[in-house]
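Written below as structure tokens is the structure these notes are about.
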Amino acid sequence: MVFVAYMVLGALAGVLAGLFGIGGGLVIVPVLIFSFDILKVDPSVATHLAVGTSLGTIVFTSLSSIKTHHDKQAVLWSVFKPMAIGLVVGSMVGVFTAGMLSGMVLRLIIGIFAVVIGIKMALAIQPKPHRELPGNGMLTAVGGGIGWASAIFGIGGGSLSVPYLTWCNVRMQQAVGTSAACGFPIAVMGALTNIYEGYGESVLPDWSLGFIYLPALVGIVLTSVPFARLGARLAHKLPSTTLKRIFSILLFIVGGRFLYQAWGAL
Numbered sequence: 530m531v532f533v534a535y536m537v538l539g540a541l542a543g544v545l546a547g548l549f550g551i552g553g554g555l556v557i558v559p560v561l562i563f564s565f566d567i568l569k570v571d572p573s574v575a576t577h578l579a580v581g582t583s584l585g586t587i588v589f590t591s592l593s594s595i596k597t598h599h600d601k602q603a604v605l606w607s608v609f610k611p612m613a614i615g616l617v618v619g620s621m622v623g624v625f626t627a628g629m630l631s632g633m634v635l636r637l638i639i640g641i642f643a644v645v646i647g648i649k650m651a652l653a654i655q656p657k658p659h660r661e662l663p664g665n666g667m668l669t670a671v672g673g674g675i676g677w678a679s680a681i682f683g684i685g686g687g688s689l690s691v692p693y694l695t696w697c698n699v700r701m702q703q704a705v706g707t708s709a710a711c712g713f714p715i716a717v718m719g720a721l722t723n724i725y726e727g728y729g730e731s732v733l734p735d736w737s738l739g740f741i742y743l744p745a746l747v748g749i750v751l752t753s754v755p756f757a758r759l760g761a762r763l764a765h766k767l768p769s770t771t772l773k774r775i776f777s778i779l780l781f782i783v784g785g786r787f788l789y790q791a792w793g794a795l
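Quick note, the working numbering runs 529 ahead of the 1-based positions in the sequence shown.
Listed below in structure tokens is the structure:
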């Protein structure tokens, strides 16, 4: 029954990712945290386990997204390559940073991030192009920052890299496509580092590989990829502004609950 619930979560995350182009991590992490609370997973590892599992799912789901965007010539590989160096290093450091935080502090940070993204979606805030792309050195540094934050939040980085690239005068389609490619090194290094960081934790539930919960990983991956395609098709038929505002309310609720829980526990 729990496995079926994870398949449903994967379908929901896939549809929302296809609809809004935000990546499934913003949905997967909160729902996994709630499910681990229900399963009585030790609070000291529940949030870390949710973040690591989310990154593990993105390893698989990002491949389909990359192929789709590459076929449409929407991935700027010349931009991706220098960013990838920073993304790999940054995501590894991000996992170690999260490992130094308690579960409730990490939950507080994720709650704040959810609220901020909710505000951005509700108000349709989008940076206007103000500059050109920097040199490779700066792209590597920016990739490091995006990778670091993404590994802490358990996301593929789209909510960070797309605004940055559009700010640098990259067309939206290419910003989204390049961001999709950036999600892969974040997810791979983030997942591997979470396996290492959580290895040997005695309070993890059965079927955990470090900070990756395998039943959730498999269930989500099975459904998220095909349902992401459905979400992408729906995005062309449904009113995106209204949908984004509805989703922003969901983010406010999720973020607010995390903030309340963390505030009461700290």
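Yeah, the Cβ is synthetic: ideal placement off N, Cα and C, and Gly gets one too. No experiment lies behind these values; they were computed from the predicted model shown.
query: Phe-740: first and last residue of the uninterrupted alpha helix (DSSP H) it sits in; result: Per DSSP, Phe-740 belongs to no alpha helix (DSSP H) and is neither H nor E.
query: Option nearest Leu-743 by Cα separation, candidates Ser-583, Leu-555, Val-634 and Gly-553; result: Ser-583
query: Tyr-535 classed as buried or exposed, judged by whether at least 16 other C-beta atoms fall within 10 angstroms; result: buried
query: Beta carbon of Gly-719 nearer than 7 angstroms to that of Ala-680; result: yes
query: The stretch 695 to 706 contacting the stretch 554 to 564, beta-carbon criterion three pairs below 8 angstroms; result: no
query: C-beta contact flag for Ile-587 and Ala-716 at 7 angstroms; result: yes
query: Cβ-based burial, Ser-607 [other Cβ within 10 Å; buried from 16]; result: exposed
query: Where Gln-602 sits in the DSSP three-state scheme; result: coil
query: Buried versus exposed, by CB contacts within 10 Å (16 or more), Arg-660; result: exposed
query: Span separating the alpha-carbon of Val-538 from that of Ser-753; result: Residue 538 is actually Leu in this sequence, not Val. For Leu-538 and Ser-753, the distance between alpha carbons rounds to 8 angstroms.
query: Reduced DSSP category for Ala-653 - H, G, I as helix; E, B as strand; rest coil; result: coil
query: Simplified DSSP assignment, three categories, for Leu-662; result: coil
query: Spatial distance of Leu-759 from Val-544 (CA atoms); result: 6 angstroms
query: Of the residues Leu-630, Ile-648 and Gly-553, the one placed nearest Leu-802, counting alpha carbons only; result: Because the chain is modelled from 530 through 795, residue 802 falls outside the range shown and cannot be assessed.
query: Glu-726 - containing alpha helix (DSSP H), residue span; result: 701 to 727
query: Which of helix, strand or coil DSSP assigns to Leu-568; result: coil
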